[in-house]
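Chemist:
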Amino acid sequence: MDGLDERLTHQLEQALRELAQSESRNRVLFEDSPLLLIVYDPANWRILEVNAACRRSLGYPAPHWLEQSLGFAVEGEQREVLYSLARKLPSVSSRSLPTGTIRFQHGDGSWVETEGVVQHFDTPGCRAQILILQDTTERRKTEELLRLATKENRQ
Numbered sequence: 002m003d004g005l006d007e008r009l010t011h012q013l014e015q016a017l018r019e020l021a022q023s024e025s026r027n028r029v030l031f032e033d034s035p036l037l038l039i040v041y042d043p044a045n046w047r048i049l050e051v052n053a054a055c056r057r058s059l060g061y062p063a064p065h066w067l068e069q070s071l072g073f074a075v076e077g078e079q080r081e082v083l084y085s086l087a088r089k090l091p092s093v094s095s096r097s098l099p100t101g102t103i104r105f106q107h108g109d110g111s112w113v114e115t116e117g118v119v120q121h122f123d124t125p126g127c128r129a130q131i132l133i134l135q136d137t138t139e140r141r142k143t144e145e146l147l148r149l150a151t152k153e154n155r156q
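No gaps in the numbering here: position 113 of the sequence shown is 114 in our numbering, and each next residue is one more.
1. Should Val113 be labelled buried (16 or more other beta-carbon atoms within 10 Å of its own) or exposed?
2. Could you tell me which whole alpha helix (DSSP H) segments of length 4 or greater appear in the segment 3 to 91?
3. Gly60 and His11 look like a contact to me (Cβ under 8 Å); what is the Cβ gap, rounded to whole Å?
4. Mind checking who Gly117 pairs with in its DSSP beta bridge?
5. Expressed to the nearest angstrom, what Euclidean distance is found between the alpha-carbon atoms of Ala54 and Gly4?
6. What does the alpha-carbon distance come out to for the pair Glu32 and Arg141?
7. From Phe105 to Glu76, what does the alpha carbon distance come to, in whole angstroms?
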């Protein structure tokens with residue numbers, strides 16, 4: 002029996018090391034992603050986690066996020082659109098739904114425009130969802146400037 006116990010102990014230790022390495026890699030992918038990532042609980046809209054890109058782009062420190070519900074910085078009517086998408090997600094066959102444009106109020110009061118998807122993101126003890134967003138603010142400003150320049154050239 003000692004040989005079996007030793008092998009099982011070794012296999013368990015190896016599996017735990019591999020799990021820790023996998024969790025470490027996933028943590029790096031989450032935290033270092035250039036996309037804005039917001040993990041939340043759709044049962045109560047509580048924010049569970051945000052990554053560095055989200056904190057940086059929207060101007061709120063991590064502790065502030067974790068004290069808020071999902072829509073705290075979302076522009077008025079878009080808040081209900083976001084909640085509607087999150088409620089709809091469990092009933093669709095795809096793993097994600099596009100968000101369209103969502104405007105967040107930056108910590109300094111300015112507005113940040115984003116686009117992305119809402120997706121299932123189960124975590125231990127919680128059937129979470131994740132918003133995966135790209136900051137499109139500068140792109141939209143550039144598009145508007147280009148539109149105005151084109152309009153002026155036509156006149």
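Where is the CB? At the ideal position from N, CA and C, for every residue including glycine. Please read these numbers as outputs of a predicted model, since none were measured by experiment.
Modeler: This is what the structure holds:
1. buried
2. 3 to 33, 53 to 59, 63 to 67 and 77 to 89
3. In fact, because the Cβ distance is near 49 Å, the residues do not count as touching under 8 Å.
4. Gly101 and Leu134
5. 50 Å
6. 26 Å
7. 6 Å
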